[in-house]
Structure formats: C-alpha cells, structure tokens
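Peer 1:
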Amino acid sequence: MRNIENIEDSIREVARKLLNEKKVELVIGYEKGTLPLRTAPCFIDNPDDVDKLAWNASCDANLSKYLIGVDKRIGIIAKGCDARSIIVCITEKQIDREKVVIIGIPCAGVVDRKKIEAEVDGEEILEARVTGEKIMVKGKNFEKTLPKKNFLCDSCLTCRHRNPPICDIMVGNKVPEITSAEGFAEVSYLEAKSADDRWAYFTKELGNCIRCYACRNVCPLCYCKECFVDKTLPLWFGKTNDLSDTMIYHIVRVLHVAGRCVDCGACSRVCPMEIDLRALTKKTEKIVKERFNYEAGISLKEVPPLGTFKLEDAQEFVIE
Amino acid sequence: MKAKIMDKNELQDFVDELTKDYKVFAPVKMNRIFRLKEISKGKEACLGYQNTRQPPKEIFFPQTEILFTYKMDKEGVELEDIPLPNEKRVLFGIRPCDARALVFLDRFFSSGDYKDISYLEKREKTTIIGLACNSPLSTCFCTSLGGSPFGKEGMDLLLEDINEKYLIEILSEQGAKLVEHIPWLKDAENADFERAKKISEEAESTIKLKIAVEGLRKKFDSMFDAPLWDQIYQKCIGCGVCTYLCPTCWCFDILDEGTPTCGRRVRIWDTCQFPLFTLEASGLNPRPSGKERMRQRVMHKFNYFPKDFGELVCVGCGRCVQACPVNLDIREIIKAIMNT
C-alpha cells in the first residue's frame with residue numbers, strides 16, 4: 001500500500017531541491033485546508049516553507065490553472081488529470097514546456113465530500129481522516145467509518161489515466177490503471193432518455209445556475225483573455241439567469257472545451273449550486289473519442305482534433 | 001416580551017394558515033440543496049436545513065429583474081413599467097444572520113437621495129419569520145460580528161425550537177398582526193421562555209470561534225497598499241461564489257436588451273470580483289487584477305461601509321467559507337489583517 005505520509009515527505013523534498021537549486025522560482029501544491037476534507041492551493045517560493053505542502057485524498061483542485069499567463073519557472077504538483085490538462089495547455093501554447101516542472105503523482109482518486117455529506121444526512125462533518133481505504137468522519141452526533149472506494153469523485157471512477165502520462169519527476173509508485181470501468185456510463189444513462197426527458201433534466205439542473213462562473217474560472221482550459229460572456233459590446237449572449245441565457249452559456253462553454261476537456265471534474269466540484277456539469281462535457285468527450293479516437297492530454301505531439309482538419313474526417317453533416 | 005407557543009406537529013398547520021392570506025417563501029429542498037422558494041402548502045417547507053445555500057436577498061433583490069419594457073415605432077417611444085407585486089408576503093424560516101443582513105440591505109436600498117422602489121415595495125409587504133439556530137455550524141461566526149444564533153434583528157417573528165414545541169416570539173406590530181390570524185396559537189408561559197433562554201445560551205456557547213474585530217475598520221485605513229494583498233489573492237480564481245452567496249453583497253448592473261423597436265431594461269447581480277465590474281469605456285480598468293478586486297471586497301465589508309454606516313457589513317453566516325472553490329477563508333483574512 002502506498003503511504004500518504006511518504007508521498008507528502010517526498011513532495012516536500014522535491015520542492016526543497018527544486019527551489020534550492022534554483023531550477024524553479026515557485027512551487028505550486030496543496031496545503032491543509034481550514035475545513036475537514038478540504039485542502040487549499042499553496043504557493044511556495046522559499047525552500048524554508050516547503051513543510052506547508054500537504055498530500056492527501058482531498059487534494060482535489062486542478063492547479064494547472066495557476067500556470068496560465070505566469071512568466072516564471074514553476075514546479076507544479078499534478079495528478080493524472082492535472083498533468084493531462086497541462087499537456088493540453090502546452091500543445092495549445094498556453095504553457096511553455098521549458099518553464100514548467102511537472103511533479104507527477106500517481107493518483108488513487110480524490111474523495112467527494114458532497115457524497116460523504118449526503119451519507120451523513122447533511123449533518124456537519126467536524127473531523128475527517130482518510131487512511132488507506134477508509135474514511136473516518138465525525139460530527140456532533142455521529143461517527144462513521146466509510147469505505148473510500150464508495151466516496152470517490154465521479155470523475156475518478158471513470159478515470160483511465162491515474163498516472164500522469166507525462167511528467168518530469170514522479171513521486172510515489174505507479175498505481176494500476178482502471179481498465180474495466182465503463183468510461184461513459186453516465187452518458188449512456190442520459191442518451192437512453194427521450195429528448196424531452198433530457199431537456200427536462202438539463203432544465204432542472206441548469207435552472208439552478210447563478211452565473212458565478214466558478215466552473216469557467218476553475219477550468220484550466222478556459223483561458224480566453226476575454227470570455228464571450230464578458231463582452232457587452234457586442235452583447236453576444238444575455239447576462240441574466242433566465243434559463244435561455246444560462247443554457248446558452250453552458251452549451252457554448254462545453255463546445256469550447258470539447259475534445260480538450262480531460263474530465264478532471266473541477267467544474268462540477270466547485271459549483272456552489274451542485275449542478276451536474278460533467279454530463280455535458282462527458283458527452284463531448286465521448287463523441288471525440290468515437291469519431292477521432294482521440295483522448296485529450298496524452299501526447300505533446302498530437303494536435304487536438306478540433307484544432308486541425310484532415311481530408312478523411314467524416315463530413316456527413318455537410319448537407320448538399 | 002410577548003410570545004405564542006405551538007406544538008411541533010402543528011408547524012404544517014401554521015404554515016398552511018399563512019398560505020391562505022400571504023404569498024409564502026420558505027426553504028425547500030431542490031435537487032441536492034436548500035433554496036428559498038414560493039410554496040403553496042405547509043408540507044413543502046423544510047426546516048431540516050443548516051442554512052439555505054443562497055441568502056434571502058434574492059426574494060427582494062432578484063438576480064434578474066426587469067425594470068421596464070419599451071416599444072418604439074414612427075409614433076414614438078412607449079415605456080411600460082413592470083407592475084410591482086402587491087400581495088402580502090411571508091418569508092418563513094430564515095436564520096438570524098440572514099435576517100440581520102436584510103437590515104443592511106434596507107439601509108443600502110433606502111439611503112441617500114434615491115430610494116429603490118422595487119426593493120422597498122417588496123420589503124414592506126413582507127413579514128419575516130426567523131428560525132433560531134440551536135446548532136450553529138463550525139463555520140458560523142455571527143457572534144464576532146454583533147449577531148447571535150437567537151438574534152432578533154430584522155425579524156417580525158422568531159421561531160425558537162424548544163424541543164417538542166416552538167416558541168414564537170413577537171418582535172413587531174406586523175408580527176403581532178400575523179399571529180392574530182391564527183387563533184389556535186396559545187400564549188407562551190414562563191417555563192417556555194426559560195427553556196428558550198437555556199437553549200439559546202447553549203447554542204451561543206457552541207460558537208467557539210471568536211474573531212476579534214475591534215478596531216478592524218481602523219486597521220484597514222492604512223492597509224490599502226499593504227503587501228499582504230499580494231499573498232491573499234494569489235489562490236483566488238476570481239469567480240462570483242463568495243459575493244453571490246453573500247447575504248450582504250448587493251452590487252448590480254443595469255443592461256438594455258433588445259432591438260431598436262422593442263426591448264427591456266434589466267437589473268442583474270454584479271460582483272466586484274469580475275473584471276468587467278470596473279472596466280471603463282476607455283478600456284482602462286482601475287482594478288486590473290484579482291488583487292485589487294479581492295481588496296475591494298474585503299475593504300467594502302470592513303472599512304468603506306462601516307465608515308458610512310457605522311457597522312461592519314458581514315454577518316458571519318459562513319457561506320463564503322464553505323463554498324469558496326479554493327478554500328479562501330475570510331476568517332483567515334480577518335485574522336491575518338488583525339495580526340499585521
């Protein structure tokens with residue numbers, strides 16, 4: 001079994017070395033959060049501060065967002081999905097490969113605190129500890145030990161790249177990849193519904209959107225200098241939270257990340273209204289996989305299918 | 001102090017009575033979260049919540065509000081006002097921190113030369129029934145900011161859960177009028193008050209977190225250019241979660257949507273965390289980065305508003321603490337500033 005403390009120690013050692021040897025100016029990792037089952041992004045530029053760095057099953061943020069537009073040599077902690085989003089950003093020339101040191105960590109999945117909260121009937125969790133395959137949670141009137149495998153984030157359940165495909169330094173041993181998982185079970189469930197039922201589903205989900213743009217801002221692939229929704233002249237799309245406006249916002253965002261999304265699940269995790277945002281992104285991921293046999297963020301050489309054109313591309317949508 | 005009492009199993013009947021004469025908004029579980037929604041029957045209301053995900057400001061100050069519509073043709077321009085609601089309303093089951101936040105909103109929307117009719121009309125027509133907190137959360141810090149789990153500010157009635165009964169404290173004339181409608185409510189007895197007092201003290205004692213905010217406003221006076229802001233904002237992703245879920249954030253934008261022949265003027269929520277908030281027509285943005293925007297949010301709550309109105313404009317509900325995508329904890333910011 002992998003020892004979390006050892007990984008934490010190794011991360012600190014690696015960070016110290018990189019900073020001491022001036023290979024990087026900054027290390028971006030995780031630190032202990034102020035609430036149970038939370039961690040926070042952490043920025044270390046002084047080797048004396050590396051002991052702040054933490055590693056545990058709540059290190060769920062995709063930190064690669066912080067690399068965009070920063071002209072520094074940076075060491076960054078990256079799980080499988082995080083590394084993949086860094087790779088996408090490198091191929092799209094948003095991150096300079098020479099300036100980033102990817103500290104890869106094989107990932108056995110991060111826990112979904114919303115699932116745990118639901119399990120304890122919405123009671124407040126005051127203390128939590130994840131050790132090995134068990135999660136211990138404690139509140140005012142309860143104490144429970146839960147099997148970790150039942151409380152992982154949905155994106156981790158279908159993840160096929162738990163080990164970073166590309167990294168400069170690997171911390172910890174590789175974890176076995178899940179090959180048996182049905183990658184698109186959630187999508188099939190929605191596909192099986194009638195168009196009316198699907199419309200009803202998305203109406204209910206997106207009807208709760210408050211246009212806070214946490215999903216956009218947390219996404220490493222939403223790096224447009226000026227987002228279409230932030231324009232007022234011309235006003236491309238309405239800015240209200242009327243259903244038609246929120247729907248258009250989400251549809252366009254999903255189309256913008258189609259074939260690029262690595263399903264890190266960050267958008268879904270940060271949504272304050274707990275909207276099922278992965279349903280749409282997962283569907284586009286499936287289409288791209290089926291039509292182009294392409295998975296985003298695996299190789300630095302492959303060009304994303306929507307960023308290129310090949311004569312043999314299927315074109316049956318062209319109507320004569 | 002006047003108060004009524006009812007058995008817990010009479011709660012649904014109580015709300016049912018209200019729905020006869022009032023439009024009632026109450027906490028309802030939608031998908032996976034609690035939100036305030038209009039209900040038509042007592043059984044729809046759900047009091048098993050810690051707090052609603054969004055604060056009650058949306059009831060008076062909706063995220064999207066059409067102010068008027070227009071039509072234009074050869075004859076000229078025709079404006080049509082959107083009629084303001086004229087029914088009596090009840091906002092049922094909001095927490096004391098949120099009721100207190102409405103007092104701040106009232107000041108903002110009614111101070112100075114301009115009275116916000118749309119907000120004030122809705123507010124005046126609404127009777128507020130609070131629900132005291134027997135079990136505050138670990139993220140609650142209302143007592144540091146002048147509130148308390150059994151606080152009574154901003155309410156007409158306060159429901160207090162005293163085990164098998166609810167004590168209904170009458171806090172205003174409007175509240176008294178409302179309970180008159182319900183003849184079967186009994187008068188509270190001394191023992192009920194005593195029990196409520198005990199529970200309220202217990203609830204207050206569970207809030208261990210005490211943030212010393214004495215002198216916070218003054219401290220901020222000299223902190224506009226402090227290097228601290230460079231560290232604080234670093235992890236902020238610049239989304240609107242903290243402000244949109246904040247019971248005391250009230251900034252808005254006004255847009256005209258439509259064509260030269262017809263359209264509407266809409267008011268929508270806006271937030272100081274978005275770059276567009278201060279972007280000027282010339283292209284200049286006086287708050288160009290997350291640093292200035294984060295500073296604005298904190299300074300507005302703990303320095304600018306207190307200067308104008310004499311009070312810190314945070315009620316310690318803890319929503320921003322719980323929902324921040326990157327665990328940027330306002331309590332830590334306050335502590336860091338107090339320690340500089």
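If you read the protein sequences in the order shown, they are chains A and B. Under my numbering, think of the first position of the first sequence as 1, with each following residue one higher. Under my numbering, think of the first position of the second sequence as 1, with each following residue one higher. For glycine and all other residues, C-beta sits at the position ideal for the given N, C-alpha and C.
Taking only three categories from DSSP, how would you classify TRP250 of chain B?
Peer 2: The residue given as residue 250 of chain B occupies position 250 in the second sequence. Of the three classes helix, strand and coil, the one that applies to TRP250 of chain B here is coil, per DSSP.
Peer 1: Please tell me whether ASP106 of chain B and ARG123 of chain B are closer than 8 Å, where the distance is taken between their beta carbons.
Peer 2: Here residue 106 of chain B corresponds to residue number 106 of the second sequence, with the count starting at 1. Here residue 123 of chain B corresponds to residue number 123 of the second sequence, with the count starting at 1. Yes.
Peer 1: In the DSSP assignment, find the unbroken alpha helix (DSSP H) run with ILE248 of chain A in it and report its ends.
Peer 2: Against the first sequence, residue 248 of chain A aligns to sequence position 248. Where ILE248 of chain A is concerned, the enclosing alpha helix (DSSP H) stretches over 243 to 257.
Peer 1: If you compare alpha carbons, which of A:TYR294, A:ILE86, A:ASN150 is closest to VAL100 of chain A?
Peer 2: Counted from its first residue, the first sequence places residue 100 of chain A at position 100. The residue with the shortest Cα to Cα distance from VAL100 of chain A is A:ILE86.
Peer 1: Would you list, in sequence order, the uninterrupted beta strand (DSSP E) runs of no fewer than 3 residues that lie entirely inside the segment 225 to 274 of chain B?
Peer 2: Runs found: 252 to 258, 262 to 269.
Peer 1: Short of 8 Å in beta carbon distance, which residues of its chain neighbour MET1 of chain A, apart from the five on each side in sequence? Order them along the chain.
Peer 2: The sequence position of residue 1 of chain A within the first sequence is 1, counting from 1. Its pLDDT being 43, under 50, MET1 of chain A is placed unreliably by the model, and the measurement read from it follows with that caveat. Once the five neighbours on either side are set aside, the close Cβ partners of MET1 of chain A are GLY132.
Peer 1: Among the residues of its own chain, which have a CB less than 6 Å from the CB of LYS174 of chain A, if the five just before and after it don't count?
Peer 2: Residue 174 of chain A sits at position 174 when you count from the first residue of the first sequence. For LYS174 of chain A, where only same-chain residues beyond five positions count, the Cβ hits under 6 Å are PRO106, ASN163.
Peer 1: Of the choices A:GLU13, A:ALA61, A:THR39, A:CYS59, whose alpha-carbon is the least far from that of ASN46 of chain A?
Peer 2: Taking the first residue of the first sequence as 1, we reach residue 46 of chain A at position 46. Out of A:GLU13, A:ALA61, A:THR39, A:CYS59, A:GLU13 has the C-alpha closest to the C-alpha of ASN46 of chain A.
Peer 1: What does the alpha-carbon distance come out to for the pair LYS177 of chain B and GLY318 of chain B?
Peer 2: Numbered from its first residue, the second sequence carries residue 177 of chain B at position 177. Numbered from its first residue, the second sequence carries residue 318 of chain B at position 318. Near 33 Å, if we compare the C-alpha coordinates of GLY318 of chain B and LYS177 of chain B.
Peer 1: So, is the C-beta of MET1 of chain A closer than 8 Å to a C-beta in chain B?
Peer 2: Reading the first sequence from its first residue, position 1 is the one you call residue 1 of chain A. Residue placement at MET1 of chain A is poorly supported in this model, since its pLDDT is 43, which falls under 50; the coordinates still yield a value, given next. Judged by the 8 Å Cβ criterion, MET1 of chain A is not in contact with chain B.
Peer 1: Could you work out which residues of chain B lie near GLY238 of chain A, taking near to mean beta carbons separated by less than 7 Å?
Peer 2: Walking along the first sequence from the start, residue 238 of chain A turns up at place 238. Ordered by position in chain B, the residues that pass the 7 Å Cβ test against GLY238 of chain A are GLU257.
Peer 1: Does any C-beta atom of chain B lie closer than 8 Å to the C-beta of THR39 of chain A?
Peer 2: Here residue 39 of chain A is taken as the residue at index 39 of the first sequence, counted from 1. Yes, because at least one Cβ of chain B sits closer than 8 Å to the Cβ of THR39 of chain A.
Peer 1: In this structure, what does DSSP give as the bridge partners for TYR30 of chain A?
Peer 2: Here residue 30 of chain A corresponds to residue number 30 of the first sequence, with the count starting at 1. TYR30 of chain A is bridged to A:PRO41, A:ALA54.
Peer 1: Which residues in chain B sit within 9 Å of PHE151 of chain A, going by Cβ to Cβ distance?
Peer 2: Taking the first residue of the first sequence as 1, we reach residue 151 of chain A at position 151. Neighbours of PHE151 of chain A on chain B: none; closest Cβ ~15 Å, over 9 Å.
Peer 1: Closer than 6 Å by C-beta to PHE25 of chain B: which residues in its own chain qualify, once you throw out the five before and the five after it? Chain order, please.
Peer 2: Position 25 of the second sequence, counted from the first residue, corresponds to residue 25 of chain B. Cβ within range, chain order: LEU36, GLU38, ILE59, LEU91.
Peer 1: Can you confirm whether ARG222 of chain A, when its beta carbon is compared against all beta carbons of chain B, has any partner nearer than 8 Å?
Peer 2: Position 222 of the first sequence, counted from the start, is the residue given in the question as residue 222 of chain A. Going by the sequence as given, residue 222 of chain A is Cys instead of Arg. No, CYS222 of chain A lies away from the interface with chain B (no Cβ there is under 8 Å from its Cβ).
Peer 1: Going along chain B in order, which residues have a C-beta closer than 9 Å to the C-beta of LYS283 of chain A?
Peer 2: The sequence position of residue 283 of chain A within the first sequence is 283, counting from 1. The premise fails here: LYS283 of chain A is roughly 20 Å from chain B at the closest Cβ pair, so nothing lies under 9 Å.
Peer 1: Determine the extent of the beta strand (DSSP E) in which GLY93 of chain B is found, giving its start and end residues.
Peer 2: In the second sequence, residue 93 of chain B corresponds to position 93, counting from 1. That run of the beta strand (DSSP E) goes 89 to 94.
Peer 1: Apart from the five residues on each side of it in sequence, which residues of its chain come closer than 7 Å, Cβ to Cβ, to ALA54 of chain A?
Peer 2: The residue labelled residue 54 of chain A in the question sits at position 54 within the first sequence. Only GLU8, TYR30, GLU31, LYS32, THR39 meet the Cβ criterion.
Peer 1: May I ask which residues mark the beginning and end of the beta strand (DSSP E) holding MET136 of chain A?
Peer 2: Here residue 136 of chain A corresponds to residue number 136 of the first sequence, with the count starting at 1. Per DSSP, MET136 of chain A belongs to the beta strand (DSSP E) from 134 to 138.
Peer 1: With a threshold of 8 Å between beta-carbons, can ALA61 of chain A be considered close to chain B, or not?
Peer 2: Taking the first sequence and counting its residues from 1, the one referred to as residue 61 of chain A is at position 61. By this cut-off, ALA61 of chain A is an interface position.
Peer 1: Compare the C-beta of THR34 of chain A against all C-beta atoms of chain B and say whether one is closer than 8 Å.
Peer 2: Counted from its first residue, the first sequence places residue 34 of chain A at position 34. With 8 Å as the cut-off, THR34 of chain A counts as an interface residue toward chain B.
Peer 1: Can you name the start and end residues of the alpha helix (DSSP H) that PRO106 of chain A belongs to?
Peer 2: By one-based count along the first sequence, residue 106 of chain A stands at place 106. Per DSSP, PRO106 of chain A belongs to no alpha helix (DSSP H) and is neither H nor E.
Peer 1: Using the Cβ count rule (16 or more neighbours within 10 Å means buried), how would you classify MET294 of chain B?
Peer 2: Residue numbering aside, residue 294 of chain B sits at position 294 when the second sequence is read from its first letter. Burial call: buried.
Peer 1: Are any of the Cβ atoms in chain B nearer than 8 Å to that of PHE43 of chain A?
Peer 2: As a working note, residue 43 of chain A is residue 43 in the first sequence. Yes, because at least one Cβ of chain B sits closer than 8 Å to the Cβ of PHE43 of chain A.
Peer 1: Tell me the DSSP secondary structure of GLU312 of chain A in three-state form.
Peer 2: Locating residue 312 of chain A in the first sequence gives position 312, counting from the first residue. Coil at GLU312 of chain A, not helix or strand.
Peer 1: Taking a Cβ distance cut-off of 7 Å, strictly less, list which residues of the segment 91 to 123 of chain B are near chain A, in chain order.
Peer 2: Correct list: empty, as no residue qualifies.
Peer 1: From which residue to which residue does the beta strand (DSSP E) around MET155 of chain B run?
Peer 2: One-based indexing of the second sequence puts residue 155 of chain B at position 155. No beta strand (DSSP E) holds MET155 of chain B; DSSP gives it neither H nor E.
Peer 1: Based on the DSSP secondary-structure assignment, which residues constitute the bridge partners of PHE68 of chain B?
Peer 2: Translated into positions along the second sequence, residue 68 of chain B becomes position 68. Paired residues: B:ASP81, B:ARG265.
Peer 1: Would you kindly work out how many angstroms separate the C-alpha atoms of PRO176 of chain A and THR284 of chain A, rounded to a whole number?
Peer 2: Here residue 176 of chain A is taken as the residue at index 176 of the first sequence, counted from 1. Here residue 284 of chain A is taken as the residue at index 284 of the first sequence, counted from 1. Distance between the alpha carbons of PRO176 of chain A and THR284 of chain A: 26 Å.
Peer 1: Note down, in chain order, every chain B residue with its Cβ under 7 Å from the Cβ of LEU126 of chain A.
Peer 2: Residue 126 of chain A sits at position 126 when you count from the first residue of the first sequence. Ordered by position in chain B, the residues that pass the 7 Å Cβ test against LEU126 of chain A are SER138.
Peer 1: On the premise that ARG89 of chain B lies in contact with LYS125 of chain B, defined as a C-beta separation below 8 Å, what is that separation, rounded to the nearest angstrom?
Peer 2: Position 125 of the second sequence, counted from the start, is the residue given in the question as residue 125 of chain B. Position 89 of the second sequence, counted from the start, is the residue given in the question as residue 89 of chain B. Confirmed, about 5 Å.
Peer 1: When the cut-off is 8 Å and only beta carbons count, does ILE334 of chain B lie next to chain A?
Peer 2: Numbered from 1 along the second sequence, position 334 holds the residue referred to as residue 334 of chain B. It does not: the Cβ of ILE334 of chain B has no partner Cβ on chain A nearer than 8 Å.
Peer 1: Using a Cβ-Cβ distance under 8 Å, would ASP112 of chain A count as near chain B?
Peer 2: Taking the first residue of the first sequence as position 1, residue 112 of chain A is located at position 112. For ASP112 of chain A, the answer is no, since every Cβ of chain B falls outside 8 Å of its Cβ.
Peer 1: Among the candidates B:LYS301, B:PHE277, B:GLU65, B:PHE305, whose CA atom is the shortest distance from the CA of ILE333 of chain B?
Peer 2: Within the second sequence, the letter at position 333 stands for residue 333 of chain B. When only C-alpha atoms are compared, the closest one is B:LYS301.
Peer 1: If I measure Cβ to Cβ from PRO306 of chain B and keep anything under 6 Å in the same chain, skipping five residues before and after, which residues do I get?
Peer 2: By 1-based counting over the second sequence, the position of residue 306 of chain B is 306. Only ARG217, LEU312 meet the Cβ criterion.
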